[in-house]
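Novice:
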Amino acid sequence: MCLCDCGNMRAYTSSKLRSGQAKTCGCGRRGPRKRRRPPFEYPVDIVQLVRDSITAGRTLHEVAALLNRSRATVIRVMRLNGIAAAARGPRPRAAKPRCQSEENQSLQQPRLLYLPGARISGVYAIVNRKTGVQYIGSSVDIDDRLRDHAIALERGTHQNIYLQRAWRKYGADAFEFTVIEAVADHTMLSRVEQVYMDRFPRRAKYNMASSADRPPSRKGAKMPQSACDKLSERSRLIPRTAEWRAHMSASLRGRKLSMEQRKQIGDRQRGRPSKRGKGWHHTAETKQKISDTKRRKRFAANENQ
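Using the working numbering, read the sequence shown as starting at 7 and increasing by one per residue.
Here it is in C-alpha cells:
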C-alpha cells in the first residue's frame with residue numbers, strides 16, 4: 007500500500023514505491039491522511055433536555071425555543087447523540103372561540119393532571135369548556151396559584167379583565183383548571199410557558215400579553231403628583247360610615263405587637279426629629295392669652311386650698 011493511505015493495492019507491485027523513489031502511486035495525494043478532529047460534545051444537560059423534549063413529542067422549533075438556540079443546533083445535537091425524532095401525526099388546529107361544535111369542545115384540552123394540595127411546579131391552564139378559550143400561566147406552586155385565581159375571580163377583582171368577564175358570563179362551572187406540564191427546573195418555567203402560548207392564536211387565549219416574561223417591578227418608582235392627587239380625592243369620596251368605623255375598630259381591637267415589632271418601630275423612630283410644632287412661633291397676643299389662662303388656673307387652685 008502506498009504512503010498516502012489511499013488503499014491502492016498496486017503500490018505493492020511498483021518497484022519505485024518499494025525502493026523509496028516515489029512517495030505516491032499517482033492518485034494525487036501527498037502523504038498520509040490527516041486525522042479528523044473529534045466532534046464537538048454538547049453539555050450533558052442540553053443533550054438530556056433535547057432527548058426528553060423529543061420523547062415528549064415536541065417539535066424542533068419548540069425544542070429550539072426551550073434551548074434559546076437555532077433549529078440547526080438541535081438537529082446537530084440529535085445527530086451526534088443518536089436521538090431519533092418521534093413520529094408525529096397531523097397537528098390539530100387550535101379551537102376557535104364560540105364557534106366549535108359540542109363534540110369538539112374537549113378535543114384539544116388537557117385533562118386534570120394534579121391533585122388538590124400537591125405542590126407541583128410547571129405550566130397550567132384555565133380552560134373555558136364552552137368556548138375553548140384558555141388562560142395559560144406558570145408557577146412554582148400550581149395548586150396555590152390556581153387557588154388565588156379562583157378567589158380573585160369569585161370576588162370580581164381579577165387582574166385579567168377578559169378572564170373576569172368570561173367568568174361572570176359563563177359561571178364557574180364552565181371552567182376547568184388543568185396542569186399542562188410539570189417543570190422541575192424553575193428557570194425554565196417562562197420558556198416552557200412561552201412554547202405553549204405560541205401554540206394557540208390570540209383569539210384562543212385570555213392572556214393579555216403575548217410574552218411569558220413577567221413585567222418589570224415598580225419597586226422604587228415614584229408616582230406623579232397628578233396621580234397621587236387623583237387617588238387622594240378618590241379616597242376622600244369613600245363614605246366613612248359609623249358601621250365601617252366600628253368594623254375597623256373591632257378588627258384592630260385586641261391586636262398586640264410582639265416585642266420584636268416594638269423594638270423595630272422604636273429603632274426607626276429613634277433619632278427622627280419631631281415635626282409637631284417645628285418652625286411655629288406664637289404671636290404676642292397668643293402668648294398673652296396663654297399666660298392669662300395659666301394665671302387664672304393657678305389663682306383658682308390657691309382659693310380651693
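The beta carbon of each residue, even a glycine, is placed where N, CA and C say it ideally should be.
As the structure is a computational prediction, the values presented were derived from the model and not from experiment.
Going by other Cβ atoms of all chains shown within 10 Å of its Cβ, with 16 needed for buried, is A70 buried or exposed?
Specialist: Working through the sequence shown from its first residue, we reach residue 70 at position 64. Buried: at least 16 other Cβ atoms inside 10 Å.
Novice: When you compare the segment 190 to 201 with the segment 166 to 181, are there three or more beta-carbon pairs, one atom per stretch, that lie closer than 8 Å?
Specialist: With a cut-off of 8 Å, the segment 166 to 181 and the segment 190 to 201 do not count as touching, because too few Cβ pairs lie within range.
Novice: Tell me whether I89 sits in a helix, a strand or coil according to DSSP, three-state version.
Specialist: On the sequence shown, position 83 is the one that residue 89 refers to. Residue state for I89 is assigned as coil, using DSSP reduced to three classes.
Novice: Just verifying my parser: in three-state terms, what is the DSSP assignment at Y212?
Specialist: On the sequence shown, residue 212 is found 206 positions in, with the first residue counted as 1. Look at Y212 here: in three-state DSSP terms it is coil, with no helix or strand label.
Novice: Tell me which residue opens and which closes the alpha helix (DSSP H) that Q140 is part of.
Specialist: Residue numbering aside, residue 140 sits at position 134 when the sequence shown is read from its first letter. That residue, Q140, is in no alpha helix (DSSP H); its beta strand (DSSP E) goes Q140 to S145.
Novice: Per DSSP, F183 is paired with what?
Specialist: Counted from its first residue, the sequence shown places residue 183 at position 177. Bridge partners of F183: I132.
Novice: By DSSP, does A218 sit in helix, in strand, or in coil?
Specialist: Residue numbering aside, residue 218 sits at position 212 when the sequence shown is read from its first letter. Residue state, collapsed to three classes: coil.
Novice: Return the CA-CA distance between K293 and S280, expressed in angstroms with no decimal places.
Specialist: Along the sequence shown, one-based indexing puts residue 293 at 287. Along the sequence shown, one-based indexing puts residue 280 at 274. Cα to Cα, K293 sits roughly 22 Å from S280.
Novice: Where R64 and S257 are concerned, what is the direct C-alpha to C-alpha distance, given to the nearest angstrom?
Specialist: Position 58 of the sequence shown, counted from the start, is the residue given in the question as residue 64. Position 251 of the sequence shown, counted from the start, is the residue given in the question as residue 257. Near 53 Å, if we compare the C-alpha coordinates of S257 and R64.
Novice: What does a CB cutoff of less than 6 Å around Y48 pick up in its chain, not counting 5 residues either side in sequence?
Specialist: What you label residue 48 is simply residue 42 of the sequence shown in a count that begins at 1. Counting only Cβ-Cβ distances below 6 Å, and skipping sequence neighbours, we find V83.
Novice: Give the DSSP-derived three-state secondary structure of A190 in the structure shown.
Specialist: In the sequence shown, the residue the question calls residue 190 occupies position 184. Coil at A190, not helix or strand.
Novice: Which of the three DSSP states is assigned to R64 in this structure?
Specialist: By 1-based counting over the sequence shown, the position of residue 64 is 58. In the structure shown, R64 sits in coil (DSSP, three-state: anything other than H, G, I, E or B).
Novice: Hey, quick one: how far does the alpha helix (DSSP H) through I157 stretch, first residue to last?
Specialist: In the sequence shown, residue 157 corresponds to position 151, counting from 1. Element bounds for I157: I148 to R161.
Novice: Apart from the five residues on each side of it in sequence, which residues of its chain come closer than 6 Å, Cβ to Cβ, to K102?
Specialist: Residue 102 sits at position 96 when you count from the first residue of the sequence shown. Because the pLDDT at K102 is just 46, under 50, the model does not fix this residue reliably, and the value given afterwards should be weighed accordingly. Hits under 6 Å: none found.
Novice: Between the C-alpha atoms of R261 and D51, what's the straight-line distance to the nearest angstrom?
Specialist: Here residue 261 corresponds to residue number 255 of the sequence shown, with the count starting at 1. Here residue 51 corresponds to residue number 45 of the sequence shown, with the count starting at 1. The alpha-carbon of R261 is positioned some 52 Å away from that of D51.
Novice: Distance check for P207 and E266, CA to CA, integer angstroms please.
Specialist: Position 260 of the sequence shown, counted from the start, is the residue given in the question as residue 266. Position 201 of the sequence shown, counted from the start, is the residue given in the question as residue 207. Straight-line Cα distance between these residues: approximately 53 Å.
Novice: Of the residues A131, A62, Y176 and Q200, which one's Cα is nearest the Cα of D219?
Specialist: Within the sequence shown, the letter at position 213 stands for residue 219. Nearest of A131, A62, Y176 and Q200 to D219, Cα basis: Q200.
Novice: Could you check whether R151 and Y176 sit closer than 8 Å to each other, using their CB atoms as the reference points?
Specialist: Numbered from its first residue, the sequence shown carries residue 176 at position 170. Numbered from its first residue, the sequence shown carries residue 151 at position 145. Cβ distance not < 8 Å, so Y176 and R151 don't count as in contact.
Novice: Between which two residues does the alpha helix (DSSP H) carrying K269 extend?
Specialist: Position 263 of the sequence shown, counted from the start, is the residue given in the question as residue 269. It spans M265 to Q275 - the alpha helix (DSSP H) in which K269 sits, taken as one unbroken run.
Novice: Is it buried or exposed for R268, if we count other Cβ within 10 angstroms and need 16 for buried?
Specialist: For the purposes of this step, residue 268 is identified with residue 262 of the sequence shown, where counting begins at 1. Burial call: exposed.
Novice: Helix or strand or just coil, what does DSSP make of K262?
Specialist: Taking the first residue of the sequence shown as 1, we reach residue 262 at position 256. Reduced to three states, the DSSP call for K262 is coil.
Novice: Buried or exposed: which applies to S59, given that a residue is buried once 16 or more other Cβ atoms fall within 10 Å of its Cβ?
Specialist: Here the question's residue 59 lines up with position 53 in the sequence shown. So S59 counts as buried.
Novice: Does DSSP put W250 in a helix, a strand or coil?
Specialist: Within the sequence shown, the letter at position 244 stands for residue 250. Here W250 sits in helix by DSSP.
Novice: Taking just the CA atoms, how far does R171 sit from K211?
Specialist: Your numbering for residue 211 matches position 205 in the sequence shown. Your numbering for residue 171 matches position 165 in the sequence shown. K211 and R171 have their C-alpha atoms spaced approximately 13 Å apart.
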